[in-house]
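Presented below is the structure to which this report refers.
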Amino acid sequence: MSVSALTAGEPSPAGDDRLALAWRALAEVEDPEIPQLNIVDLGLIRFVRVHSDDSLEVGLSPTYVGCPATEVIRLGVVRALHAARIGNCVVTSVLSPAWSSDWITAQGRQTLLNLGIVPPARTVVNTRDLLRADRPPACPRCQAADTECISEFGSTPCKALHRCRACLEPFEYFKCI
Amino acid sequence: MTAAARLEPQALFHYVLRIGDLSLVLGQRLGEWVGHAPALEEDLGLANIALDLIGQARLLLSYAGEIEGRGRSEDDLAYLREQDEYLNAVLAEQPNGDFGQTIVRQVLIDAFQLDLYERMSASTDERLAAIAQKSAKETRYHMRFSGSWLIRLGDGTEESRSRAQSALQRLWPYTAELFAADDLDQAMADCGVAPRLAEVRAAWDARLDEVLAQATLERPGERPHSWHGKRGRHSEHLGYILAEMQHLQRTYPGARW
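In order, the protein sequence lines correspond to chains A and B.
Using the numbering used here, you'd call the opening residue of the first sequence number 1 and step up by one each time.
Using the numbering used here, you'd call the opening residue of the second sequence number 1001 and step up by one each time.
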């Protein structure tokens, strides 16, 4: 039974230092594959709650089920919470609802863009017409719209590889899922 | 979990192994391409899909172990079962062959998994519903990768077209097993744990017809089959896959990274 809960996006209640401390600690954990992008901005933290036995539970969603970074992120969360002297805590894997790239925060999208990675389109993947590719994103360097997809699968499961036909530079696109 | 509670735990255990083993064996097969694919992009693509499939298998085998209740972990189930305890349809274990054969096998299974997972997202078993929701999203990308490659190969050069068509002739007979509903599939559908395979088949047929038409490839005719990988009777290929996959755990029991 949870005595206090705080879901992603809600402001921390005044005086509830432990939860606020936990959220601050979590915001220090970076995605190992995309340094500078923290896991709160990536939308991976589903909830932080304190149970009646005083244990703190963090709900963590994987981006892709086979992503090798998931284990590293989980370790990072545990380490950060311990370093923040948060007390007894458990990390629970949350599969449903499945993580969506729509959950990346505005700050997270800006961070991606600063790294030269185009943030995901906001629309859900078209399930009817799977064979037609999404509209290609504009080049993050020269803003040209004339770009092409080189590979649906880039350096990590969450990114596709594109190329700008105007400036000829390749760039990464964070996939919409 | 109400529907699952009405079921024999052993039946649900076997059903979850069927879908988990399909992902595990196909993922292991795709992994053989790493470092050998025709281009770096395809190497990354196949490796990424293999990772997703292994990820699905981990979730499903962990769940299977919990249902069984004998303390077996995902690793115990993956590395320490014998060939006749694997319950994947035999299509997944067919050899990679050339790139065309790998792509044809991938299209056939991606379409099956996509149509299965999309329906299983509404399963009465909450755990399976959650795994299916997550997996369906990823499988859409797999289908787009394999489907668009099949179109390029089929509607490509004479060489690529003939290779894609002969792979299709060779692998098509194995697809019947995916949809052959036995008592176990029936029981899962009756309590809403899994969709009816006839429904999955209808959706799969439509999807395949569309891809094959765009690829200008001919759909092979149906032939009777006698494959029973879903009941543990496999083709000669699975043993070799397991020998490689299980070698380390069998040689050094309990070895960890």
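Backbone N, C-alpha and C fix where the C-beta goes; we use that ideal spot for every residue, glycine too.
Keep in mind that this is a model prediction, so the values were computed, not measured.
Legend entry - Start and end residues, alpha helix (DSSP H) containing A/Leu37: The residue labelled residue 37 of chain A in the question sits at position 37 within the first sequence. Not the alpha helix (DSSP H): A/Leu37 falls in the beta strand (DSSP E), residues 34-38.
Legend entry - Contacts around B/Phe1145, its chain only, beta-carbon distance under 6 Å, and the 5 residues preceding and following it disregarded: Here residue 1145 of chain B refers to the residue found at position 145 when the second sequence is read from its first residue. Cβ within range, chain order: Gly1045.
Legend entry - Test: B/Val1104 CB closer than 9 Å to a CB of chain A: Counting from one through the second sequence, the residue named residue 1104 of chain B turns up at place 104. So no, B/Val1104 is outside the interface.
Inset, instruction - Note down, in chain order, each residue of its chain lying with its Cβ closer than 6 Å to the Cβ of B/Gln1246, except the 5 sequence neighbours on either side. - result: By one-based count along the second sequence, residue 1246 of chain B stands at place 246. Cβ within range, chain order: Tyr1079.
Inset, instruction - Output yes or no for whether 9 Å exceeds the beta carbon distance between A/Arg18 and A/Val50. - result: On the first sequence, residue 18 of chain A is found 18 positions in, with the first residue counted as 1. On the first sequence, residue 50 of chain A is found 50 positions in, with the first residue counted as 1. Taking a C-beta distance under 9 Å as the contact criterion, A/Arg18 and A/Val50 qualify as a contact pair.
Legend entry - Burial state of A/Ala83, where buried means 16 or more other Cβ atoms lie within 10 Å: Translated into positions along the first sequence, residue 83 of chain A becomes position 83. Exposed: under 16 other Cβ atoms inside 10 Å.
Inset, instruction - Report back the beta-carbon spacing between A/Thr63 and A/Cys158 to the nearest angstrom; my notes put them in contact at under 8 Å. - result: In the first sequence, counting from the first residue as 1, residue 63 of chain A sits at position 63. In the first sequence, counting from the first residue as 1, residue 158 of chain A sits at position 158. Indeed, because the Cβ distance is near 5 Å, the residues count as touching under 8 Å.
Inset, instruction - Using a Cβ cut-off of 7 Å, pull out every chain B residue sitting near A/Ala98, in sequence order please. - result: Position 98 of the first sequence holds residue 98 of chain A. Ordered by position in chain B, the residues that pass the 7 Å Cβ test against A/Ala98 are Gln1133, Lys1134, Lys1137.
Inset, instruction - Compute the beta-carbon to beta-carbon distance between B/Ala1064 and B/Phe1013, rounded to the nearest angstrom, for a pair I have assumed lies under 8 Å. - result: In the second sequence, counting from the first residue as 1, residue 1064 of chain B sits at position 64. In the second sequence, counting from the first residue as 1, residue 1013 of chain B sits at position 13. Indeed, because the Cβ distance is near 6 Å, the residues count as touching under 8 Å.
Legend entry - chain A residues whose Cβ lies nearer than 7 Å to that of B/Asn1048: Looking up residue 1048 of chain B in the second sequence gives position 48. The contacting residues are Phe153, Pro157.
Inset, instruction - Go through its chain and collect everything with a Cβ distance to B/His1142's Cβ below 6 Å, but skip five positions before and after it. - result: Your numbering for residue 1142 of chain B matches position 142 in the second sequence. The answer, listed in chain order, is Ile1049, Asp1110.
Inset, instruction - Taking only the alpha-carbon atoms, compute the straight-line gap between B/Ala1202 and A/Leu56 and give it to the nearest angstrom. - result: Translated into positions along the second sequence, residue 1202 of chain B becomes position 202. Translated into positions along the first sequence, residue 56 of chain A becomes position 56. Taking the straight line joining both Cα atoms gives about 47 Å.
Legend entry - Cutoff 9 Å: A/Pro136 Cβ touching any chain E Cβ: Included in the structure are the protein chains A and B, with no chain E among them.
Legend entry - Below-9 Å beta-carbon distance, B/Tyr1141 vs any chain A residue: Taking the second sequence and counting its residues from 1, one reaches residue 1141 of chain B at position 141. Taking Cβ atoms only, chain A reaches closer than 9 Å to B/Tyr1141, which makes this a yes.
Legend entry - Residue from A/Asp54, A/Val72, A/Gly154 whose Cα sits closest to the Cα of A/Leu60: Your numbering for residue 60 of chain A matches position 60 in the first sequence. Nearest C-alpha to A/Leu60: A/Val72.
Inset, instruction - From the DSSP output, in three-state form, read off A/Ser93 for me. - result: Within the first sequence, residue 93 of chain A is the residue found at index 93, counting from 1. Of the three classes helix, strand and coil, the one that applies to A/Ser93 here is strand, per DSSP.
Inset, instruction - Give the residues of chain A in contact with B/Asp1052, contact being defined as C-beta atoms less than 7 Å apart. - result: The count along the second sequence starts at 1 and reaches residue 1052 of chain B at position 52. Within chain A, the residues near B/Asp1052 are Tyr64, Val65, Gly66, Pro157.
Inset, instruction - Can you give me the Cβ contacts of B/Ala1176 inside the same chain, cut-off strictly under 6 Å, excluding the 5 residues immediately before and after it? - result: Along the second sequence, read from residue 1 onward, the residue named residue 1176 of chain B stands at position 176. Closer than 6 Å at Cβ, skipping near neighbours: His1225.
Inset, instruction - Check whether the stretch 95-111 of chain A touches the stretch 1088-1095 of chain B, taking contact to mean three or more Cβ pairs, one atom from each stretch, closer than 8 Å. - result: In short, these stretches do not touch, since the Cβ pair count stays below three.
Inset, instruction - Might you give, ordered along the chain, the residues of its own chain that have their beta carbon closer than 6 Å to the beta carbon of A/Cys89, omitting 5 neighbours on each side? - result: On the first sequence, position 89 is the one that residue 89 of chain A refers to. If we look at A/Cys89 and ignore the five residues flanking it on each side, its Cβ neighbours are Leu56, Leu81.
Legend entry - Check whether B/Leu1061 and B/Leu1087 have beta carbons under 9 Å apart: The count along the second sequence starts at 1 and reaches residue 1061 of chain B at position 61. The count along the second sequence starts at 1 and reaches residue 1087 of chain B at position 87. No.
Inset, instruction - Provide the residue span of the alpha helix (DSSP H) that contains B/Glu1118, from first to last. - result: As a first step, residue 1118 of chain B is located in the second sequence; it is residue number 118 there, counting from the start. Here the alpha helix (DSSP H) through B/Glu1118 covers 1099-1120.
Legend entry - Host alpha helix (DSSP H) of B/Glu1158 (start-end): In the second sequence, residue 1158 of chain B corresponds to position 158, counting from 1. Here the alpha helix (DSSP H) through B/Glu1158 covers 1158-1179.
Legend entry - CB contact check: A/Leu161 to chain B, cutoff 9 Å: By one-based count along the first sequence, residue 161 of chain A stands at place 161. Cβ-Cβ to chain B under 9 Å: yes for A/Leu161.
Legend entry - Endpoints, the alpha helix (DSSP H) within which B/Leu1061 is located: As a working mapping, residue 1061 of chain B is identified with position 61 in the second sequence. Unbroken alpha helix (DSSP H) run through B/Leu1061: 1040-1068.
Legend entry - CB contact below 9 Å: A/Leu168 versus chain B: As a working mapping, residue 168 of chain A is identified with position 168 in the first sequence. Not one chain B Cβ lies under 9 Å of A/Leu168.
Inset, instruction - Could you pull out every residue in the same chain whose Cβ sits closer than 6 Å to the Cβ of B/Glu1068, ignoring the five residues on either side in sequence? - result: The sequence position of residue 1068 of chain B within the second sequence is 68, counting from 1. Result list for B/Glu1068: Phe1013, in chain order.
Inset, instruction - Over the uninterrupted alpha helix (DSSP H) stretch that includes B/His1014, give me the two end residues. - result: Your numbering for residue 1014 of chain B matches position 14 in the second sequence. Element bounds for B/His1014: 1009-1031.
Inset, instruction - Taking only runs that begin and end inside the stretch 52-120 of chain A, name each unbroken alpha helix (DSSP H) of 4 or more residues, in chain order. - result: 69-83, 106-114
Legend entry - C-alpha distance - B/Gln1083 paired with B/Glu1236, whole-angstrom precision: For the purposes of this step, residue 1083 of chain B is taken as residue 83 along the second sequence, with counting starting at 1. For the purposes of this step, residue 1236 of chain B is taken as residue 236 along the second sequence, with counting starting at 1. For B/Gln1083 and B/Glu1236, the distance between alpha carbons rounds to 10 Å.
Legend entry - Closer than 8 Å at the beta carbon, the chain A residues around B/Glu1041: Locating residue 1041 of chain B in the second sequence gives position 41, where the first residue counts as 1. Within chain A, the residues near B/Glu1041 are Ile150, Ser151, Phe153, Leu161.
Legend entry - Simplified DSSP assignment, three categories, for A/Val3: Within the first sequence, the letter at position 3 stands for residue 3 of chain A. Here A/Val3 scores only 33 on pLDDT, less than 50, and its place in the model is too uncertain to base an answer on.
Legend entry - Local Cβ density within 10 Å of A/Asp31, reported as buried at 16 or more and exposed below that: Reading the first sequence from its first residue, position 31 is the one you call residue 31 of chain A. Per the 10 Å Cβ criterion, buried.
Legend entry - Start and end residues, alpha helix (DSSP H) containing B/Leu1091: Working through the second sequence from its first residue, we reach residue 1091 of chain B at position 91. Careful: B/Leu1091 lies outside any alpha helix (DSSP H) and carries neither H nor E.
Inset, instruction - Mind the definition here: the stretch 1027-1034 of chain B touches the stretch 144-159 of chain A only if three or more C-beta pairs lie below 8 Å; say whether that holds. - result: Output reads no: the stretch 144-159 of chain A does not touch the stretch 1027-1034 of chain B.
Inset, instruction - Check the Cβ of B/Leu1059 against every Cβ in chain A and list those closer than 8 Å, keeping chain order. - result: Here residue 1059 of chain B refers to the residue found at position 59 when the second sequence is read from its first residue. Those are Val65, Leu95, listed as they occur along chain A.
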